[in-house]
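These notes are about the structure you will find just below.
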Amino acid sequence: MTFTRVAFSNLRRNPVRSVLTGLSLAVSAATLSVVLSLDKGYSSAVTNELVNKTGVHLYVTKEGCPIEAASVIAQGGLSPLYVEESIVERLKELPEIEAILPFKLFSITTDDGSRTDIFMGVTEAIRTVKPDWQFQQGGWFEHDSSVILGAEMARIENLGVGDRMYSEHFRREFVVSGILKRNYSQDDGTFFLPLATAQRLVGREGKLSAIALKLKDISPLDASRNHLRSIVPADYFVIGSRELSEGILRFFGSTRVIMMVMVVIAFIISVFGIINTMLMAVLERRKEIAYLKCVGAGRRDLLMLILLETMAIAVMGSALGTAAGIALSPAFGGLMRKFLIAFVPSGAIARPDAGIAIIAFLGCAAIGIACALYPALRAARIVPMEVLRNE
Amino acid sequence: MNNSTFIQLEHVTKLYHRGPETVHALEDITLTIGAGEYVAVVGHSGSGKTTLMNILGCLDHPTRGRIVINGHELQHAAEKELNRFRRQTIGFIFQQFFLIPTLNVIENVELPSLFTGINKKDRARQLVEMVGLGKRMRHLPGQLSGGEMQRAAIARSLINSPSILLADEPTGNLDSRNAEAIMGVFEKLNGEGMTIIVVTHNPDLVKRCSRTVHIDDGRIRT
């Protein structure tokens, strides 16, 4: 006979109630797992995409809302803001800059809204700025109508080097000159065009979405940024790639707050559910508890019994919920990708891992067990003679 | 206290406060019970029998007076000390059996040993055999008759080898045949030297006791 045996056997008294209480905690654990997976996944996906993989240290863009600038740089938008291409010549004079990538980025959505293609007009500097930008097949643009396809676009369009691709939107044919190696970034889903071609297609000759800069040495990043600010016109922004990702993540902050509120609500419901269940369990068993006190059960013994009973529910509920949350996170990541207003990075948005599972499991189990403290204290304080005499 | 005295109550008074009213549950009780006695405590409902059992069972402190059981002075003992004393010295049987419905017979019998930290599975098996439930060891309380449940409760009260058995209306929920069986078990235990104190309204049980204590309005009537 052990405390565990007695505590676990008590769960069988009202199995439906035990299961429902465990499930309420499972919902909390699942919600926490999903939210943590999305939060971590989105943050690392944005940072990975905009900081780690681009090789870009600074962007020059037009003054305006920093989030809009971020969105234009990251995804292409139809912003009225643009950078004059003539600025590139001024930047070439700066000794601290290793490479300058002027680009024109825009997206075209089909009339039925079912597909959005991202086009990026680039110069050969992209090969210096983005180390991951490498050819799987073919090579650089051969003429104005050349196109380089990201790996995913080539797969979707089933195109190879030398194939012709007709664009309904532009009523123009392109020839595939190269296909990129997959680098698990937005590049995989992008059509790359010669810069001048891209500008002409959208009627923005001589105008850029932004200019990406790679520095020779990033240690004096602030000094370089300040220097650049003194070179470019006053209504231009010079922002770091990390600031860019942070700007997007700040925008994501409101979504994060809503997700955290959902977690808190789920926890509040669970907490009241567990307290209610265990309090009912104690009140229903007052006489038995009184008898146990008669035969020498101390307060610590009764605390142990109630806490173990709750622990069984909490551990099972938390384990089930954490496993479900981790398993369902990718599905929620897919949903988020559909409905997120902010920048949507490529790759998985939800990134569940062992650390998240441990936090969700231990956090929920601990809260569940803590909920038993009050009912356990009520049990420990039962005065046997009062219960046995009055009931 | 002479050598044969096992339980001694001296001028024990117990008062309860019920709102503005003070209830004299026990009034200046002096009672001596020798080792191995089989005592019936009788009286009307509300006469103070259960309060006396609570005091004897160390479940309640007297308002005034002195209690000595097996040489231990207990009227001022702390809860922890009383818990330990009850665990080692006293077995309880109640009219309602208070068996844990999700534990089988042998587990219920073993239960009080949980708080001593000593494994008493073998003794539990012996006790279950002794009360005639050997073939129902693995049955849950819900599968037993009232008499069987009370026999299981008796076995449970004996698991820690107490010196005193306190029984509050042990035959109150039983038919005459089962009551007879329970009385037989008590006689056997008393024959082995156990001190038994029974609160009862059952005249057959009273007759079998070696002594009867009458309580009326919180006082012992001689």
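Quick mapping for you: the protein sequence lines, in order, are chains A and B. First residue of the first sequence? That's -19 in my numbering, and the numbers climb one at a time after it. First residue of the second sequence? That's 15 in my numbering, and the numbers climb one at a time after it. Cβ coordinates follow ideal geometry from the N, Cα and C atoms, glycine included. Computed from a prediction, not measured in an experiment: that's the story for all the values here.
- Ranked by how close their Cα comes to the Cα of R184 of chain A, the residues A:S125, A:V156, A:F83, A:E104 have A:F83 in first place.
- Across the region 347 to 366 of chain A, CB contacts with chain B closer than 7 Å involve P364, M365, in sequence order along the chain.
- Ranked by Cα distance from E366 of chain A, the options B:H38, B:A54, B:T64 are led by B:T64.
- Closest in alpha carbon position to S250 of chain A, among A:D215, A:A346, A:A359, A:L208, is A:A346.
- Among the bridge pairs identified by DSSP, Y30 of chain B is matched with B:V37.
- Chain A places a beta carbon closer than 8 Å to that of D74 of chain B, counting this residue as a contact.
- P126 of chain B sits away from R98 of chain B, with the two beta carbons spaced by 8 Å or more.
- Within the region 126 to 167 of chain A, the complete alpha helix (DSSP H) runs of at least 4 residues fall at 131 to 137.
- Nearest CB-CB separation between S159 of chain B and chain A: not below the 8 Å threshold.
- Between L5 of chain A and S298 of chain A, the gap from beta carbon to beta carbon is short of 8 Å.
- One Cα belongs to F217 of chain A, the other to A192 of chain A, and the distance between them is close to 12 Å.
- Contiguous alpha helix (DSSP H) elements confined to the region 81 to 147 of chain B occur at 93 to 103, 119 to 124, 135 to 144, taking only those with 4 or more residues.
- A residue is called buried when at least 16 other Cβ atoms come within 10 angstroms of its Cβ; G205 of chain B does not meet this threshold and is exposed.
- Between G220 of chain A and R205 of chain A, the gap from beta carbon to beta carbon is short of 8 Å.
- Against chain B, the CB of G276 of chain A has a partner CB under 8 Å away; the residue lies at that interface.
- Around P126 of chain B, the beta-carbon contacts reaching into chain A at under 7 Å are V275, G276.
- Not a single CB atom of chain B sits nearer than 8 Å to the CB of F247 of chain A.
- The C-beta distance from V55 of chain B to V213 of chain B rounds to 5 Å, short enough to fall under 8 Å.
- Between the alpha carbons of G335 of chain A and I114 of chain B lies a distance of about 41 Å.
- Contact between L160 of chain A and G101 of chain A is ruled out by a C-beta separation of about 16 Å, above the 8 Å threshold.
- The alpha carbon of V37 of chain B has as its nearest neighbour, out of B:Q102, B:I234, B:G60, B:T19, the alpha carbon of B:G60.
- Sequence-ordered contacts of the region 169 to 201 of chain B with chain A are nonexistent [C-beta pairs closer than 7 Å].
- A distance of 8 Å or more separates the beta carbons of I43 of chain B and T209 of chain B.
- Distances from the alpha-carbon of I178 of chain B to those of B:P76, B:E124, B:I120, B:I107 put B:I107 closest.
- What D281 of chain A touches in chain B, judged by beta-carbon distance under 7 Å, is F129, going in chain order.
- Chain-order list of chain A residues neighbouring G57 of chain B: empty, with the shortest C-beta distance near 15 Å, by a criterion of under 9 Å.
- The beta carbon of R107 of chain A sits closer than 7 Å to those of W113, all from its chain and outside the five residues before and after it, given in chain order.
- For F200 of chain B, the closest alpha carbon among the candidates B:L88, B:A92, B:Q164 is that of B:Q164.
- The continuous alpha helix (DSSP H) containing G21 of chain A extends over residues -5 to 27.
- Going by C-alpha positions, F(-17) of chain A is about 21 Å away from S175 of chain B.
- If you draw a straight line from the Cα of K202 of chain B to the Cα of L188 of chain B, it comes to about 19 Å.
- Across the structure, I255 of chain A and R(-7) of chain A are spaced so that their CA atoms are roughly 17 Å apart.
- The beta-carbon separation of A79 of chain A and K194 of chain A, rounded to 4 Å, stays under the 8 Å limit for a contact.
- Rounded to the nearest whole angstrom, the CA to CA distance from T235 of chain A to F247 of chain A is 19 Å.
- Proximity of chain B to N(-10) of chain A at the Cβ level (cut-off 7 Å) is accounted for by T116, in chain order.
- According to the DSSP assignment, E201 of chain B belongs to the alpha helix (DSSP H) that extends over 190 to 205.
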